[in-house]
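Structure record follows, encoded as structure tokens.
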Amino acid sequence: MLGKTANGLFWMYRSLERAEHTARLIETGQRLALTRLNDPDAEWRPVLQSASVLQAYLANNETVTREAVIDWLLRSRDNPGSVLGCIEQARMNARMVRTALTGDVWEAVNAAYMQARQMLARKVSERDLPEVLRALRQQTSLVRGMTQGSMMRDEIYEFARLGTYIERADNTARILDVKYYVLLPSTLAVGSSIDNVQWEGVLRSLSAEGGFRMHYGSSPAPREITHFLMLDKRMPRSLAFCTDKIRENLTYLNRGYRQPSESLRLVCHIEQQYLSHDVDRIFEYGLHEMMVELLGAFASLAHQIETEYRFHE
Amino acid sequence: MTECFDEMWGRDGVCRSAYRGFHDWFTGEDPRRLRAKQREAEEIFRLTGITFNVYGRDAAEERLIPFDIVPRIMSGSEWNRLARGIEQRVRAINAFLQDIYHKQEILKAGRIPQEMIARNDAFLPHMIGVRPPGGVYTHIVGIDLVCTGEGEFHVLEDNARTPSGMSYMLENRETMLQMFPELFSRNRVQAVQNYPANLRRSLAASAPPAAGPDPVVAVLTPGIYNSAYFEHAFLADKMGVDLVEGHDLRVIDGRVAMRTTRGYRPIDVLYRRVDDDFLDPLNFNPESQLGVPGIMDVYRTGGITIANAPGTGVSDDKAIYSYMPEIVEFYTGERPILQNVPTWRCSEPDSLAYVLDNLGDLVVKEVHGSGGYGMLVGPAATKKDLAAFRRKLKARPANYIAQPTLSLSTVPIFARSGLAPRHVDLRPFVLVRPDGIRVTPGGLTRVALKKGSLVVNSSQGGGTKDTWVLED
């Protein structure tokens, strides 16, 4: 398979994952803002941070307001990481790798693009927001579903999955990086419950409330939430789950290659270094520090994959 | 317009036999259902991404070529005669190219003036003495035809460089099959869907000696912003081969190789949809980002097949076109089956004088133009247009040819008011391999959707139709 095609697939699925993630962040932000009657705009700064577009936003906007942030995240032409921007990127990459996709996947991503362009042609009103976000998530889910249901399990699929999981791991780590203080045990008296709204927000932005309640009960403690989001391999957005998948994808790709894969070595290192200890050790090390390091490690991993599989000349 | 030949109704208003099956079906249909179907067709095209990019506009702008649901229908016998003529013409084109780049006997025999070749920009000195693998120059040809009466087809243009439009031929059929399956059980329509498989086999059959038993084929595209990108991806996909761009390729150990995730892999046959000039920055346009530095050197030593071969443009030039009857006779020893449209070469003083005197009745075209741009349709032109063209003709006569305005046939389209006649042309697609020539039954019918218009180009308001050749 062409290196360019691997590149296109990797980024197509990264962009789709990111579009979906940003849509979910907006949903959570909106919900938190609605429950914070005294200062409804305070919640939007961390949302921008989690989407890692705070600086670009501030360069283009003077104040952080609900309306401006939502528009920035959804459809601003100045924000290449907006939901619309991501979906356009995904579709452009899909066109580039059209021959590697099934007709079903292509049509799904093309439909997502057409619908996103239509829904996001104008500013979205507060009233229409929930429906628009739901539709966007449905469209990207459809691409994922078509991918799973119609693509051959070969190299093509592995690069698609690599893009998905690397972006997802990065997104989860970013949320933990921004919201780590919500989960710090030191700031709370032992046994007291943390800010309910805040931890719910974190779980919600990872579509993980239900799963958490089911397996950990309904009175969460920071240790449990941290364990859930970092180490629980049943949770499809946890760091352990994502790295597990990345390792599987890279192992598959490395089959038949004579030299051992440096990317595979890197992901194993990430697992050993950060994801094979218990939560106490993580807190001892410092949750925030660890997230900063992990984000760097995922970036190096992505870079290594690009080099190793000749994405570029 | 009354004297136009309509392919459904003839000249006397009696439905021609090829259209009878369609006619019976059509009269039993509810026009509202058909209108809904017409919209559905558009939906299918948009979703599958059968679009073309418009140059010079927002990169995101992709347009649909309008599709009309009324098929253009030919009987098997009508087609067979046409196919024989096409085959003969394509055979002659390949023999001509072989000759022009080797012994130049046609020039020595005085059948074509020397300067037609010497002054021709499309003539590539790099190709002199080079024999393409399998002896094939034009692996894929599109012959543009117009019809003026019962069985009267004329060749309007030969496309021997990188003809396009086959994806529309295929998708038009696919769409019709999806929307009107009942039409195909009533009419025995010859299949076109094996075109991609034939194309792949045909390309593989022209592989160079360096290739293994299962030659590696790839399609070279200028990239996703090219107007025909959809077609490039479509053909690569349907053939099951890689779609590459210049920056995926590199010359390694005397072969052209593509960068894969596991290193560089040699290519045997490159179906390029990039013009000659951009093919090789080392040998041609040094500014080109679309080509492969050094590919011509590999080609000359037999390391790769380029389809179509570089330099084939010398045969489809509009000035050479006027010599096609002589070319066919010279190489095949037969009388041409297909007629040319009478053509005045403005380079010749007598012709130029005639053209200037009769400009209002003629169509004037640039010798190297394409896409319907830079041409003058005399009867439709304003006084200002005519004056401007008169100046251009006097300044650079050799740059132009002129032809009479033909009374082109019409085929009905499904318009708001029902069936309405519109002018059409036809581009059949021809595959050439070392052991034979195959013409796909039918081809692409382009239709001028505006009433009375003769311009069928998609860039100027033309649409397309499914084209049927019936099993007799």
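Order-wise, the sequence lines are chains A and B. Everything in the first sequence is counted per my numbering, starting at -7 for the first residue and increasing by one. Everything in the second sequence is counted per my numbering, starting at 2 for the first residue and increasing by one. All C-beta atoms in this analysis are idealised placements derived from N, C-alpha and C, irrespective of residue type, glycine included. The structure displayed is predicted, hence computed values, not measured ones.
Cβ separation of residue i and residue j, assumed to be a contact under 8 angstroms, to the nearest whole Å
i                      : j                      : result
residue 197 of chain A : residue 17 of chain A  : 5 angstroms
residue 17 of chain B  : residue 8 of chain B   : 7 angstroms
residue 274 of chain B : residue 308 of chain B : Not really, about 10 angstroms apart at Cβ, beyond 8 angstroms.
residue 429 of chain B : residue 94 of chain B  : The pair is not a contact, with the Cβ atoms about 14 angstroms apart (cut-off 8 angstroms).
residue 362 of chain B : residue 406 of chain B : 7 angstroms
residue 266 of chain B : residue 217 of chain B : 7 angstroms
residue 171 of chain B : residue 194 of chain B : 7 angstroms
residue 168 of chain B : residue 65 of chain B  : That belief does not hold up - the Cβ atoms of residue 168 of chain B and residue 65 of chain B are roughly 13 angstroms apart, past 8 angstroms.
residue 169 of chain A : residue 280 of chain A : 7 angstroms
residue 414 of chain B : residue 450 of chain B : 7 angstroms
residue 296 of chain B : residue 276 of chain B : Rounded, the Cβ-Cβ distance is 13 angstroms, inconsistent with contact.
residue 4 of chain A   : residue 82 of chain A  : 5 angstroms
One or two residues paired with residue i in a DSSP bridge
i                      : result
residue 272 of chain B : B/220 and B/308
residue 345 of chain B : B/403
residue 451 of chain B : Per DSSP, none; premise fails for residue 451 of chain B.
residue 475 of chain B : Outside the modelled stretch of chain B, which goes from 2 to 473, sits residue 475 of chain B, for which no answer is possible.
residue 413 of chain B : B/422
residue 115 of chain A : Answer by DSSP bridge pairing: none, since residue 115 of chain A is not bridged.
residue 190 of chain B : B/471
residue 366 of chain B : B/402
residue 253 of chain B : B/256
residue 175 of chain A : Answer is none; residue 175 of chain A lacks a bridge partner.
residue 445 of chain B : B/428
Range covered by the alpha helix (DSSP H) that runs through residue i
i                      : result
residue 141 of chain A : 121 to 142
residue 151 of chain A : 147 to 171
residue 75 of chain A  : 75 to 88
residue 214 of chain A : 214 to 222
residue 177 of chain B : 167 to 180
residue 375 of chain B : Per DSSP, residue 375 of chain B belongs to no alpha helix (DSSP H) and is neither H nor E.
residue 0 of chain A   : -5 to 27
residue 231 of chain A : 231 to 246
residue 278 of chain B : 277 to 280
residue 197 of chain B : 196 to 206
residue 287 of chain B : Neither: residue 287 of chain B is in no alpha helix (DSSP H) and is coded neither H nor E.
For residue i, the nearest candidate out of the options (CA to CA)
i                      : options                       : result
residue 303 of chain B : B/270, B/279 and B/5          : B/270
residue 53 of chain B  : B/225, B/291, B/407 and B/261 : B/225
residue 219 of chain A : A/239, A/237 and A/195        : A/195
residue 222 of chain B : B/197, B/214, B/248 and B/200 : B/248
residue 318 of chain B : B/144, B/172, B/179 and B/245 : B/144
residue 359 of chain B : B/339, B/329, B/390 and B/369 : B/390
residue 211 of chain B : B/200, B/306 and B/137        : B/306
residue 214 of chain A : A/163, A/12, A/201 and A/173  : A/173
residue 149 of chain A : A/301, A/302 and A/1          : A/1
residue 10 of chain B  : B/109, B/452 and B/423        : B/423
residue 32 of chain A  : A/44, A/43 and A/57           : A/57
residue 330 of chain B : B/110, B/28 and B/4           : B/110
Residue i CB to nearest heavy atom of the ligand COA below 7 angstroms
i                     : result
residue 43 of chain B : Among the ligands in the structure shown, none appear at all, so the ligand COA cannot be discussed.
Where residue i falls, given that 16 or more other Cβ within 10 Å makes a residue buried
i                      : result
residue 241 of chain B : exposed
residue 186 of chain B : exposed
residue 26 of chain A  : exposed
residue 88 of chain A  : buried
residue 182 of chain A : In this prediction, residue 182 of chain A scores a pLDDT of 42, lower than 50, which makes its location untrustworthy; no coordinate-derived value is stated.
residue 171 of chain A : buried
residue 144 of chain A : exposed
residue 201 of chain B : buried
residue 249 of chain A : exposed
residue 237 of chain A : buried
residue 68 of chain A  : buried
residue 206 of chain A : exposed
residue 246 of chain B : buried
residue 213 of chain B : exposed
Extent of the continuous beta strand (DSSP E) to which residue i belongs
i                      : result
residue 267 of chain B : 264 to 267
residue 259 of chain B : 256 to 261
residue 148 of chain B : 141 to 150
residue 466 of chain B : 463 to 470
residue 437 of chain B : 437 to 440
residue 227 of chain A : Where residue 227 of chain A is concerned, there is no enclosing beta strand (DSSP E), given that its DSSP letter is neither H nor E.
residue 73 of chain B  : 68 to 75
residue 430 of chain B : 430 to 434
residue 245 of chain B : 243 to 245
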